[in-house]
Every structure is written in structure tokens, then in C-alpha cells.
Amino acid sequence: MVKLLAGVLLWSLAHLFKRFAPTFRQGMGDTGKLVVTLALIGSLVLMVSGYQDASGPVWWLRQPSTLLISNVLMLLAVYLMVVSALKTSATRVIRHPQLSAVKAWSLGHLLVNGDLPSLVLFGGLLMWALLSALIINRQDGETKLAATNPSWLREVIAILATFGAYILIGLVHGYLGYPVFN
Numbered sequence: 762m763v764k765l766l767a768g769v770l771l772w773s774l775a776h777l778f779k780r781f782a783p784t785f786r787q788g789m790g791d792t793g794k795l796v797v798t799l800a801l802i803g804s805l806v807l808m809v810s811g812y813q814d815a816s817g818p819v820w821w822l823r824q825p826s827t828l829l830i831s832n833v834l835m836l837l838a839v840y841l842m843v844v845s846a847l848k849t850s851a852t853r854v855i856r857h858p859q860l861s862a863v864k865a866w867s868l869g870h871l872l873v874n875g876d877l878p879s880l881v882l883f884g885g886l887l888m889w890a891l892l893s894a895l896i897i898n899r900q901d902g903e904t905k906l907a908a909t910n911p912s913w914l915r916e917v918i919a920i921l922a923t924f925g926a927y928i929l930i931g932l933v934h935g936y937l938g939y940p941v942f943n
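Under the working numbering, the first residue of the sequence shown is numbered 762, with each subsequent residue one higher.
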């Protein structure tokens, strides 16, 4: 559990480093980018290996009703990540599409995973995403939205990419022993 906690904490601190110490981070130049990148890679390794190694009590199990809601939240999370990358018209109304994706992803996983390691991982990343959005809004202003270049083609590509990525993620989960479609 220590590795898992360390991974979630390192992930959060690496992402918030620029917000909490902007002058120091800027003074580091490209070295700072490298340090943050290495910290994020390390945090992913710690979270994945820590989650696999961790155990703890189970407070709830996956139910058919929560599985459906979870899958809808996962589809939303993938869509939000895709539109963030493609800068579709959705980014004109969603302030933080990537952080919103992490929130949907975390909530979806929490609905179907009621064990302690899942609460630490997905609950911790949910708290990070909520805190990050609050800090960014406070520092940059709440109404600043991403510039977009909307087109019908971009929207169609986003929808197709969303379903393709969603199906691929589901198949990989099933292959790894975490079936999500049944």
C-alpha cells in the first residue's frame, strides 16, 4: 500500500509543481520538464505495481447497475480526453476536459471497485483532479476556455476515436483479467 500511496502523491505533486512553485519551476528550464516527466513516469510505475501488490478490505462489489453507470462514465472519460486533444467544440464549454475525464474515470472505477486499494488509487486521483481544477481556476480565472477550431470532420473523428479507444481499452482490461463489458 505504501507504493500505491507514494505513486498517487508523486503524481499529484509532479502535476502541481508548476502551480505551487512557478518561479522555481520556470528557473529550471528544460531540466524542470525532464524532472517532472521522470516523476510522472515513476508515479505511474508506483501506482500500477502498488495497486497490483496492495490488498485490503472490500466494502462493496460490482453490481449490474453500477457496471452500466461505470461504462457510461468511462465512455465520457475517453470522449473528454479525445476532444481535449482535437480541440473540438466541446472544449468551448468544458473548462478542463482532461481533468474532467480523470474525474469521470475515477468515479466510474470507484462505482465498481469497493476495495481499499481502489479507494486509494481512484479516490486519490479524483481528489487530485478536483484540487487541480480549483487551483487552475483560482490562478487563471474560471471563465478561460480553450481555443477551438470546430468542424464537422473533427467532431466525427472525435466520436469515432472515442468508440475505438473505448473498445480497445475494454478489450485490454478483459485480457488483463478485469472484464468490463459483462
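Yeah, the Cβ is synthetic: ideal placement off N, Cα and C, and Gly gets one too.
In this text the structure is predicted, and so the values were computed from the model without any measurement.
query: For Asp876, the residue or residues it bridges with in DSSP; result: Val819
query: Separation of Gly817 from Gly764, as counted between CA atoms; result: Gly is not the amino acid found at residue 764; the sequence shown has Lys there. Near 14 Å, if we compare the C-alpha coordinates of Gly817 and Lys764.
query: Through-space distance from Arg786 to Leu932, alpha-carbon basis; result: 39 Å
query: For Leu868, the nearest candidate out of Pro878, Gly884, His857, Val854 (CA to CA); result: Gly884
query: Exposure of Ala782, with buried meaning 16 or more beta-carbon neighbours within 10 Å; result: exposed
query: Residue closest to Leu860, alpha-carbon to alpha-carbon, out of Met842, Gln900, Ala851; result: Met842
query: Cβ pair Ala775, Leu801 closer than 7 Å; result: yes
query: Option nearest Trp866 by Cα separation, candidates Leu795, Tyr927, Ala767; result: Tyr927
query: Coarse secondary structure for Asn898, derived from DSSP in three states; result: helix
query: Given Ser953 as reference, the closest of Ser773, Leu836, Gly902 once Cα atoms are compared; result: Nothing can be reported for residue 953: it is not among the residues displayed for the chain, which extend from 762 to 943.
query: Nearest-angstrom beta carbon gap, Leu886 and Val809 [assumed within contact, 8 Å]; result: Not really, about 13 Å apart at Cβ, beyond 8 Å.
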